[in-house]
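Only one structure is covered here, and it is reproduced in the block below.
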Amino acid sequence: MPAAIRKAVIPAAGLGTRFLPVTRSVPKELLPILDRPMLQYVVAEAAEAGITDVIIVTSPGKEGIADYFRPRPDLEERLADDAALLEKVQSGARLADVSFVIQEEPLGLGHAVLTARDAVGDEPFAVILPDDIIAHTPGVLSQMMSGMADAGDAAAVAVERVPWEVVHNYGVVDAEPVGGGGHRVRGLVEKPPPGTAPSNLSIVGRYLLPSAVFDCLERTPPGARNEIQLTDGLALLMEDTPLYACEFEGIRYDGGNPMGLLRASLEHALQRDDTRDAAAALIRELADGL
Ligand code: G1P
Numbered sequence: 054m055p056a057a058i059r060k061a062v063i064p065a066a067g068l069g070t071r072f073l074p075v076t077r078s079v080p081k082e083l084l085p086i087l088d089r090p091m092l093q094y095v096v097a098e099a100a101e102a103g104i105t106d107v108i109i110v111t112s113p114g115k116e117g118i119a120d121y122f123r124p125r126p127d128l129e130e131r132l133a134d135d136a137a138l139l140e141k142v143q144s145g146a147r148l149a150d151v152s153f154v155i156q157e158e159p160l161g162l163g164h165a166v167l168t169a170r171d172a173v174g175d176e177p178f179a180v181i182l183p184d185d186i187i188a189h190t191p192g193v194l195s196q197m198m199s200g201m202a203d204a205g206d207a208a209a210v211a212v213e214r215v216p217w218e219v220v221h222n223y224g225v226v227d228a229e230p231v232g233g234g235g236h237r238v239r240g241l242v243e244k245p246p247p248g249t250a251p252s253n254l255s256i257v258g259r260y261l262l263p264s265a266v267f268d269c270l271e272r273t274p275p276g277a278r279n280e281i282q283l284t285d286g287l288a289l290l291m292e293d294t295p296l297y298a299c300e301f302e303g304i305r306y307d308g309g310n311p312m313g314l315l316r317a318s319l320e321h322a323l324q325r326d327d328t329r330d331a332a333a334a335l336i337r338e339l340a341d342g343l
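Under the working numbering, the residue at position 70 of the sequence shown is numbered 123, and the numbers go up by one with no gaps.
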């Protein structure tokens, strides 16, 4: 991948059905891990990797996401004397230049990425799925960029091994190890029916892609769940562009369901200096009562 990837697309257009009823009015991506929206963690991961422009794909009814990144001069004025609170109010918008495109219809992840075509233009870009929260320094995107520094114009996806009994929930790669946690992808499939997966290396929501993927997504027919799948677009891309799968350092939390988000919050609280002791005491107290 060429060294400088400046743009990242974050698809955030889904209905969030696993979080109903709260997602009636609060977009899933704004639900908190402790005190910050899930979305902010992935924007921070992008910024840490040197990305300056973040394009968030939302859908009608999820205007709260754009609101979150708007300046709040009223609040800033009221909190002007409290530097710590002021920093928190400004923290999201400061990370990157954030813009929005709207996916009018829920036609799938591949279609959501295609919606960002004009905003990305003719340059390589990253895709980050905000449900996949991975706490690690350096972040997964940074790790992938380092791993791919000498790989020319190749594309990359993050992968991790998952238990075979859950592999049908993911995109899955058929790949050959090339060393250092990297694999050359031979094929990939979205949500393979149980018993048919080519491996248990599942795709995690981080991608480094050339703009040629947009032409591929234009040609991608609906696949699993009758949606236009990014994985199927990558299978077309592979006809002309080498694709690598990168294993990474860090634990992935599935922020896409309530228990995964709860776990991410607890572990985050255990990692943060200002909450560690209270969180540990709370967890012990709750465990004692079982
Ligand atoms: C999406 C992708 C899938 C990937 C997964 C990772 O699926 O389509 O390839 O493995 O994210 O979280 P979804 O979670 O939208 O079903």
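Cβ coordinates follow ideal geometry from the N, Cα and C atoms, glycine included.
- In the structure shown, D171 adopts helical secondary structure according to DSSP, grouped into three states.
- For G224, the Cβ falls inside the 6 Å cut-off from some heavy atom of the ligand G1P.
- Under the DSSP definition of a beta bridge, R305 partners with I187.
- Within the same chain, and ignoring the five residues on either side of G276 in sequence, the residues whose Cβ sits closer than 6 Å to its Cβ are E243, Q282 and D285.
- Under DSSP, F178 shares a beta bridge with K60 and L262.
- One thing to note: D203 has its Cβ no nearer than 7 Å to the Cβ of P263.
- Closest option to A298, judged by alpha-carbon separation, among P274, N310 and V238: V238.
- At a threshold of 6 Å, G276 does not count as near the ligand G1P, since its beta carbon sits no closer than that to any of the ligand's heavy atoms.
- From the listed residues V96, S252 and L319, the smallest Cα separation to P216 is found for S252.
- Excluding sequence positions up to five before and after A102, its CB lies within less than 7 Å of the CB of G192, L194, S195 and M198, all in the same chain and listed in chain order.
- For I104, the shortest separation between its Cβ and any heavy atom of the ligand G1P does not lie below 6 Å.
- For S252, the distance from the CB to the nearest heavy atom of the ligand G1P is not below 6 Å.
- Going by beta carbons, I63 and P177 fall outside the 7 Å limit.
- Pairing A250 with V225 gives a Cβ-Cβ distance under 7 Å.
- Taken through DSSP and simplified to helix, strand or coil, D120 comes out as helix.
- Contact check for D134 against K60 fails: the beta carbons are separated by 7 Å or more.
- Put simply, the segment 82-90 touches the segment 303-322. At least three CB pairs are less than 8 Å apart.
- Counting C-beta atoms within 10 angstroms of its own C-beta, G114 has fewer than 16 neighbours from the protein chains shown and is therefore classed as exposed.
- In the DSSP annotation of this structure, A66 is not part of any alpha helix (DSSP H), being labelled neither H nor E.
- DSSP places P126 within a helical segment (H, G or I) once states are collapsed to three.
- Short note on I256: C-beta closer than 6 Å to some heavy atom of the ligand G1P.
- As computed with DSSP, I109 is found in a beta bridge with I63 and F153.
- Within 10 angstroms of the beta-carbon of S112 lie 16 or more other beta-carbons, which makes it buried.
- In the pairwise beta carbon analysis, the segment 227-237 is classified as not touching the segment 318-326: fewer than three pairs are separated by under 8 Å.
- Residue pairing by DSSP places V257 opposite A211 in a beta bridge.
- Listed as beta-bridge partners of Y297 by DSSP are A209 and R237.
- Taking C-beta atoms as the reference points, V110 and T168 count as a pair closer than 7 Å.
- CA-CA distance, Y260 to D171, rounds to 18 Å.
- Exclusion of the five residues before and after I118 leaves A65, P80, E82, L83, L92, I109, T111 and F153 as the residues of its chain whose Cβ lies within less than 8 Å of its Cβ.
- Spanning the alpha carbons of L148 and G248 requires a straight line of approximately 43 Å.
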